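Visitor: Numbering of the sequence shown is given in my numbering, commencing with residue 493 and proceeding in unit increments. In this text, a Cβ means the ideal position worked out from N, Cα and C, and glycines have one as well. Computed from a predicted structure; not experimentally measured.
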Amino acid sequence: MSTSGTARPAAVPVAASRGRRFWRALRGQHKAMAGGSIVLLFILAALLAPWLATHPPAAQDLMAAMQAPSAAHWFGTDSFGQDIYSRVLYGARSALWVGFASVALGLVGGVAIGLIAGLKGGRTEWALMRVVDGLLAFPELIMAMAFMAVLGLGVGNVIYALALSFVGPFARMVRADVLQVKQRPFVEAARLMGVPQRDIVVRHVLPNIVSPILIQAGMRVSIAILLGSGLSFLGLGVVPPTPDWGLMISEGRGFIMMAPWMSGIPGVVLAVLLVGLNLAAEGLRDALDPRTRGGHA
493 MSTSGTARPA AVPVAASRGR RFWRALRGQH KAMAGGSIVL LFILAALLAP
543 WLATHPPAAQ DLMAAMQAPS AAHWFGTDSF GQDIYSRVLY GARSALWVGF
593 ASVALGLVGG VAIGLIAGLK GGRTEWALMR VVDGLLAFPE LIMAMAFMAV
643 LGLGVGNVIY ALALSFVGPF ARMVRADVLQ VKQRPFVEAA RLMGVPQRDI
693 VVRHVLPNIV SPILIQAGMR VSIAILLGSG LSFLGLGVVP PTPDWGLMIS
743 EGRGFIMMAP WMSGIPGVVL AVLLVGLNLA AEGLRDALDP RTRGGHA
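1. Could you work out which residue in Val-673, Ala-596 and Thr-616 is closest to Tyr-652 when comparing CA atoms only?
2. Could you tell me if the beta carbon of Thr-616 falls within a distance shorter than 8 Å of some heavy atom in the ligand ATP?
3. Ordered along the chain, which non-local residues of its own chain (more than five positions away) have a Cβ less than 7 Å from that of Val-706?
4. For the alpha helix (DSSP H) that His-522 lies in, which residues bound it at each end?
5. Please tell me whether Ala-557 and Gly-573 are closer than 9 Å, where the distance is taken between their beta carbons.
6. Once you ignore the five residues that flank His-435 on each side, which residues in its own chain have a CB closer than 6 Å to its CB?
7. Within 10 Å of its beta-carbon, does Gly-568 have 16 or more other beta-carbons around it, so buried, or fewer, so exposed?
8. Got a sec, what are the start and stop residues for the alpha helix (DSSP H) Ile-705 sits in?
9. Determine the contact status of Ile-605 and Leu-765, defining contact as a CB-CB distance below 9 Å.
10. Would you mind working out which of Gly-648, Ala-526 and Ser-571 sits nearest Pro-752, comparing C-alpha positions?
11. If we count the other Cβ atoms within 10 Å of its Cβ and call it buried at 16 or more, is Val-642 buried or exposed?
12. Based on Cα-Cα distance, which residue from Ala-763, Tyr-582 and Ile-715 lies nearest to Pro-631?
Right, here's the structure in full:
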């Protein structure tokens with residue numbers, strides 16, 4: 493009892509020390525700080541949309557259709573007289589929800605498949621990796637389009653479609669990392685000492701593969717948002733009049749000469765968010781990868 497009582501408190505400073513080292517490394521990455529600030533700004537805008545919006549996002553006023561940006565409508569109006577500024581704010585909710593939720597679901601499925609395949613080996617690994625090869629045989633957008641054609645439109649189906657397309661890349665990466673980690677001496681020693689498989693995975697395998705998982709997840713969020721907007725642009729994503737950037741760009745392309753703000757403003761906002769996410773992901777990669785820190789792990 494006394495041994496376990498003294499071991500647990502020691503683990504807390506170790507975890508805290510690792511957290512502080514990671515924060516120092518991340519804070520030293522200017523790309524991560526700049527990208528994180530942009531993403532945080534969009535998250536705040538999405539959360540505060542009900543208070544920041546000047547009009548209901550789905551309210552139509554045909555008498556005010558296609559008005560240029562003004563004091564009454566900061567970003568102008570679309571062909572239905574809907575306030576673009578308010579729709580951009582609410583569209584951030586849809587974009588961020590699709591991005592983070594689809595990556596989270598794809599990560600859970602991919603990590604589970606990769607762990608089982610890497611640890612079990614044999615026929616189990618062969619069968620699981622053939623399923624993964626089948627998922628990777630189709631481009632992500634094509635697979636998502638096929639999934640949406642079967643299940644129908646809506647934000648939920650967009651998330652499920654993109655999550656399915658992300659399972660393959662996560663599974664293949666995790667399997668490769670697990671195959672490397674399980675051959676290391678400390679894992680072999682734990683196995684010979686009779687440590688349960690679950691404890692080996694939790695204490696030794698996952699901590700050594702979490703960095704590439706986080707890096708991959710960070711990079712996939714921007715891809716998910718771009719693909720989600722692309723599906724809406726093609727008419728296979730969000731159902732009108734739900735505020736969505738891809739849908740707004742699609743609706744405004746027919747009036748690009750008369751009202752360029754209808755497509756231009758949502759397009760610029762989407763581009764800024766993608767740049768912020770990519771900068772944050774690159775900074776996260778540089779902070780977590782010892783090879784990019786001059787060997788200071």
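Guide: From the atom records:
1. Measuring C-alpha to C-alpha distances from Tyr-652 to each of Val-673, Ala-596 and Thr-616 identifies Ala-596 as the nearest.
2. The ligand ATP is not among the ligands present in this structure, which contains no ligands whatsoever.
3. Inspection of the sequence shows that residue 706 is occupied by Leu rather than by Val. Leu-776 and Leu-780.
4. From DSSP, the alpha helix (DSSP H) with His-522 extends over 522-539.
5. For Ala-557 and Gly-573, yes; Cβs fall inside 9 Å.
6. Beyond the ends of the chain as shown, which are 493 and 789, falls residue 435; an answer cannot be given.
7. Gly-568 is buried by the Cβ-count criterion.
8. Note, Ile-705: alpha helix (DSSP H), 698-725.
9. Their beta carbons are not under 9 Å apart, which means Ile-605 does not touch Leu-765 by this criterion.
10. Residue Ser-571 is the option with its Cα nearest to Pro-752.
11. Burial call: exposed.
12. Across the set Ala-763, Tyr-582 and Ile-715, the C-alpha of Ile-715 shows the shortest separation from the C-alpha of Pro-631.
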